[in-house]
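Residue numbers for the sequence shown follow the working numbering, beginning at 41 and rising by one.
Glycine included, every Cβ here is placed at the ideal spot set by N, Cα and C.
Please read all numbers here as calculations on a predicted model, not as lab measurements.
Here the structure is laid out as structure tokens; the discussion comes afterwards.
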Amino acid sequence: MAERSTAAVDVADNSGDEPLTAQADQSTADGVAKNRERDTDNDEAQGSGGTQVPGKASPPELHSGHKLARRYRLEECVTRLDGFSSWRAVDEKLRRAVGVHILPADHARARTVLAAARSSALLGDPRFVQVLDAVEENDVVYVVHEWLPDATELTTLLAAGPLEPHDAYQMVSQLSAAMAAAHREGLSHLRLNPNAVLRTSTGQWRIRGLAVNAALRGITSTSPQRTDTESIGALLYAALTQRWPYENDAYGLSGLPKDLGLIPPDQVRAGVHRGLSELAMRALANDGATASRHEAPCTTPEELVKAIGEMPRIRPPEPAFTAPPEYQRTTYQQGTYGRPAPPGVTQPVPAPPPPLQSRTGKALKWAVSALLIAALGLGSWQLADALMDQGRSDDSNQTQTTDGNDKNGDKVRPTKPITIQNAQEYVAEGSPQAPEDVGNTYDGDSSTFWRTKRYNEGPKLAPYKPGVGIVYDLGSPQEVSAVSIGLRYVGDHTTVHLYATDSLSPSSPVDSAKEIGTATTSGTSLTVKASKKLKTQYVLLWITDVPQAPQDDFSSAGYKQAVTDVKFTG
């Protein structure tokens, strides 16, 4: 089978839309691998999902050390349920850890699992744990997926306490965007719970078992988008309160007190961020059970993404500053020369020796004083002579003088920073790059960024795209003198143009806009200076050339660029 980069998503048959490719051939993929996949029988929190009755099929007789396809060596069984089993295994061909779901070929859900895994593999979204292989052989159906050793389940994170507001904001933002992308391709999850959400060591959130987990358990839903949206709301609720938003305990979390109903997170725990509390309630709203102060409920991941975009950004907490320890005098400085002082006894600090009072000492002081006076006199004479020579040279060469008080003379205007009020990705043609990450370019955090997609040829983006960019709202018409731009990737080369536009969504093409300035760099910083004075409220940062960059995070190697910080000065 051909190797391809893929990711796990939910069963296409459960989404109510045409699957991405239900008849896809068997697909495999490279991956890095993780955390033991744990199971739970507590499905009461999964919204409207239902469970089909499993077929009467016996699980295959497997054991540690058994090999599938003479390649995947089973190591440890982590789940055995409803006629299927899940294992931690080793791909001996690529020498990496993987996870494997196994069930008999005559199992009632074998065909559904196989179709779900194959359609999931074709999504290719790195925000999901990737499906690497989906095979039927020797009366056995098995699905191979990534195993991520550097990631931690949300269940484990919540065992230590609720998440910080910034972490909870990042989690719900990334999960909502990922599920919105999956539903656009007709795929859903239906078992989105704390065991299925992972945070990697780099702070990225990933979703495990999309499509496959629901197919293994026969879970279906008549409204898959609403089910997944409510699940995201439950995850956010748990992240803010360390409580499960239903009466029953689940996933190691206590449920809400009985007979109270669904109360907002900021009424469950003090100090909960008000905006995130309302967002969780909007996602969890069921049958109109929403407090009057809340806005309309979010019923799809796409609506949840829009609601998050309308919220003020939650910045990461300031790093704590640790004061340095007070200066400690050593025993040598205290005069003991390494000998410990008796307990309770303070060693006296010896007084400095008296100045030289002898005849030799007085002579030495006079000699040093005379040398200093001579050196000062010589230096003053040389300085005065140099100044006089410079004055004569200036008199002979100067043909025109400028009075410092002349009103016609050029005055150096001090620059001032211009605050960015809002921003929006500009799409000239084709698909957007990363509209949900636009705010990362002016959040004051250089570790966050907005990244372009990867292109096979470059540096010039044309003919794939005329360019990519972001429109910034400066709040009011401003005279922009320069823009400093932080970039993520080095290489030959990045070209940026600045244009004045009429709104966040320009009505005219880039070619007809007034250009403010342009610049090119091969490094990670770039300053574009205005070539002419121009006042505008909206400025388009337009990238037409990007360098060759290596693979990092969830982006493959290719021609691409990422913007970390943008600062305007006027």
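Checklist entry - Can you check whether the CB of Thr459 is closer than 8 Å to the CB of Gly515? => result Going by C-beta atoms, Gly515 is nearer than 8 Å to Thr459.
Checklist entry - With DSSP run on the structure shown, which of helix, strand or coil describes Ala73? => result Note that Ala73 scores 34 on pLDDT, short of 50, meaning its location in the model is unreliable; the coordinates nonetheless yield the value given after this. Ala73 falls in the coil class under three-state DSSP.
Next on the checklist: Spatial neighbours of Tyr529 within its chain, please: C-beta separation below 6 Å, excluding the five flanking residues on both sides.
Outcome noted: Pro587, Ala589, Gln601
Checklist entry - Can you round the beta-carbon distance between Tyr578 and Thr534 to whole angstroms, since I take them to be within the 8 Å contact cut? => result Rounded, the Cβ-Cβ distance is 22 Å, inconsistent with contact.
Item to check | Reference Pro144, options Asn462, Thr152, Gly123, closest by Cα | outcome: Gly123
Item to check | Residues of its chain near Pro205, where Cβ-Cβ distance is below 6 Å and the 5 sequence neighbours each way are ignored | outcome: His313, Ile354
Checklist entry - Starting from Glu555 and walking both ways along the beta strand (DSSP E), at which residues does that stretch end? => result 554-561
Checklist entry - Terminal residues of the continuous beta strand (DSSP E) containing Asp641? => result Past the edges of the chain, shown from 41 to 610, lies residue 641, and the structure says nothing about it.
Next on the checklist: Buried or exposed for Val616, going by 16 or more other Cβ atoms inside 10 Å?
Outcome noted: This structure leaves residue 616 out entirely; the chain is present only between 41 and 610.
Checklist entry - Looking at the structure shown, is Ser126 part of a helix, part of a strand, or coil, going by DSSP? => result strand
Checklist entry - So, are the CB atoms of Ala463 and Val520 less than 8 Å apart? => result no
Checklist entry - Can you tell me whether His103 is buried or exposed, with buried defined as 16 or more other CB within 10 angstroms of its CB? => result exposed
Item to check | Rounded straight-line distance, which links the Cα of Glu115 to that of Arg130 | outcome: In the sequence as presented, Arg is not what sits at residue 130; that position holds Val. For Val130 and Glu115, the distance between alpha carbons rounds to 7 Å.
Checklist entry - The alpha helix (DSSP H) spanning Ala222 covers which residue range? => result 205-224
Checklist entry - Given Ala597, which residues of its chain have a CB within under 6 Å of its CB, disregarding the five upstream and five downstream residues? => result Pro590, Gln591
Checklist entry - Using 8 Å as the Cβ pair cut-off and three pairs as the minimum, do the region 500-511 and the region 556-567 touch? => result no
Next on the checklist: So, with DSSP's three-state summary, where would you put Ile272?
Outcome noted: If DSSP states are grouped into helix, strand and coil, Ile272 belongs with the helices.
Checklist entry - Can the beta-carbon of Thr195 be found less than 8 Å from the beta-carbon of Gly292? => result yes
Checklist entry - Going along the chain, which residues of its own chain have a beta-carbon closer than 6 Å to the beta-carbon of Ala320, five neighbours each way excluded? => result Gly273, Leu276, Tyr277, Pro305
Checklist entry - With C-beta atoms as the reference, is Asp268 less than 8 Å away from Ser228? => result Result yes, Cβ atoms of Asp268 and Ser228 sit closer than 8 Å.
Item to check | Contacting residues, own chain, Cβ-Cβ under 8 Å from His223 (five flanking each side not counted) | outcome: Ser55, Asp57, Pro264, Gln265, Asp268, Thr340, Pro341, Glu342
Next on the checklist: Short of 7 Å in beta carbon distance, which residues of its chain neighbour Val15, apart from the five on each side in sequence? Order them along the chain.
Outcome noted: Because the chain here runs from 41 to 610, residue 15 falls outside it and cannot be looked at.
Item to check | Nearest-angstrom beta carbon gap, Val523 and Val606 [assumed within contact, 8 Å] | outcome: 7 Å
Next on the checklist: So, for Ser618: in the same chain, excluding its five sequence neighbours on each side, which residues have a beta-carbon less than 6 Å away from its beta-carbon?
Outcome noted: This structure gives no information on residue 618, because the portion of the chain shown stretches from 41 to 610.
Next on the checklist: What does the alpha-carbon distance come out to for the pair Val477 and Leu280?
Outcome noted: Before going further, note that residue 477 is Asp rather than Val in the sequence given. Spanning the two alpha carbons is a distance of roughly 23 Å.
Next on the checklist: Please tell me whether Gly105 and Ser126 are closer than 8 Å, where the distance is taken between their beta carbons.
Outcome noted: no
Item to check | 7 Å Cβ shell around Ala255 - same chain, five flanking residues per side excluded | outcome: Val51, Arg149, Thr152, Val153, Ala156
Item to check | DSSP state of Ile525 mapped onto helix, strand, coil | outcome: strand
Checklist entry - Would you report the Cα separation of Asn82 and Asp485, rounded to the nearest angstrom? => result Caution is warranted here: a pLDDT of 43 is assigned to Asn82, below 50, making its placement in the model unreliable, and the coordinate value is therefore given only provisionally. Roughly 39 Å separates the two Cα atoms.
Checklist entry - Where in the region 243-302 do unbroken runs of the beta strand (DSSP E), each at least 3 residues long, occur, reported from the N-terminal end onward? => result 245-247
Checklist entry - If you run the structure through DSSP and keep just helix, strand and coil, what is Trp421? => result helix
Checklist entry - For Gly301, which residues of its own chain have a beta-carbon under 6 Å away from its beta-carbon, when the five flanking residues on both sides are left out? => result none
Checklist entry - Do Pro202 and the ligand NAP come close, with the Cβ less than 7 Å from some heavy atom? => result Annotation note on the ligand NAP: not contained in the displayed structure, which lists no ligands.
Item to check | Which listed residue (Ser552, Val345, Thr609, Phe168) has its alpha carbon closest to that of Leu238 | outcome: Phe168
Next on the checklist: Assuming the contact rule is C-beta atoms closer than 8 Å, Trp490 and Ala468 should be a hit. Round their C-beta distance to whole Å, please.
Outcome noted: Here Trp490 is actually not in contact with Ala468; their C-beta atoms are around 16 Å apart, not less than 8 Å.
Checklist entry - Alpha carbon to alpha carbon, what distance is there between Thr576 and Ile556? => result 10 Å
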